[in-house]
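All remarks here apply to the structure that follows.
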Amino acid sequence: MANIITSIRIVCSIIIIFCTPFSSNFYIFYLIAGFSDMIDGTIARKTNKANEFGSKFDTIADLTFAFICLIKIIPELKIPNLLFIWIFVIFIIKIVNIISGYIMKKEFIAVHTIFNKITGAALFILPLTLDFINIRYTGSIICALATFAAIQEGHFIRTKKAFK
Numbered sequence: 081m082a083n084i085i086t087s088i089r090i091v092c093s094i095i096i097i098f099c100t101p102f103s104s105n106f107y108i109f110y111l112i113a114g115f116s117d118m119i120d121g122t123i124a125r126k127t128n129k130a131n132e133f134g135s136k137f138d139t140i141a142d143l144t145f146a147f148i149c150l151i152k153i154i155p156e157l158k159i160p161n162l163l164f165i166w167i168f169v170i171f172i173i174k175i176v177n178i179i180s181g182y183i184m185k186k187e188f189i190a191v192h193t194i195f196n197k198i199t200g201a202a203l204f205i206l207p208l209t210l211d212f213i214n215i216r217y218t219g220s221i222i223c224a225l226a227t228f229a230a231i232q233e234g235h236f237i238r239t240k241k242a243f244k
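So the mapping is simple: our numbering equals the position in the sequence shown, first residue as 1, plus 80.
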């Protein structure tokens with residue numbers, strides 16, 4: 081059941097490609113995809129079906145959803161240059177984390193920390209706030225959360241807490 085819900089996120093993400101950003105259809109599929117992300121892991125754990133495949137499949141679905149949303153949403157926003165620089169720094173930290181995890185374990189390591197989840201939730205809510213909160217403020221809060229999450233993730237990977 082959990083993997084079916086994860087599959088729904090991938091299908092909704094693909095449908096979003098064909099939607100006008102911030103249209104009713106965009107928001108419908110965006111919300112379905114987002115809520116599927118919130119419940120698939122919970123269902124897997126509650127039904128004792130959580131496994132390595134499901135975790136990796138969830139990560140692929142997350143990356144698909146995030147990438148498609150980025151290519152649909154970013155061109156519509158007027159993001160200040162300093163936020164772009166901050167986002168790039170976070171990206172570099174995340175890449176270093178991925179490389180570190182691979183060097184240490186010879187496989188892709190995805191660390192699902194509380195701060196990663198909080199950052200994901202904040203990113204998910206962001207498009208819903210654009211009409212009444214300036215991106216400069218929400219973007220700064222999200223970048224601060226993402227920076228802490230990326231540094232924490234790297235710490236867990238390098239201290240091998242991610243492997244337990």
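Glycine included, every Cβ here is placed at the ideal spot set by N, Cα and C.
Rounded to the nearest angstrom, what separates F106 and R216 at their Cα positions? Rounded to the nearest whole angstrom, the CA to CA distance from F106 to R216 is 23 Å.
C223 versus E233, W166 and I140, residue with shortest Cα-Cα distance: W166
Using only the alpha-carbon positions, how far apart do I183 and L111 sit? Between the alpha carbons of I183 and L111 lies a distance of about 36 Å.
Using a 10 Å radius around the Cβ and a threshold of 16 neighbouring Cβ atoms, would you call R76 buried or exposed? For the chain, the structure presents residues 81 to 244; residue 76 sits outside this window and is missing.
Measure the C-alpha to C-alpha separation of G114 and D142 and round it to an integer number of angstroms. 9 Å
So is F109 buried or exposed if we call it buried at 16+ other beta carbons inside 10 Å? For F109, the number of other beta carbons within 10 angstroms of its own is at least 16, and it is reported as buried.
Just mark F137 as buried or exposed, buried being the case when its beta carbon has 16 or more other beta carbons within 10 Å. buried
What residue range is occupied by the uninterrupted alpha helix (DSSP H) comprising F248? Residue 248 lies beyond the residue range present for the chain, which begins at 81 and ends at 244; the question has no answer from this structure.
Are the beta-carbon atoms belonging to N83 and F133 less than 9 Å from one another? yes
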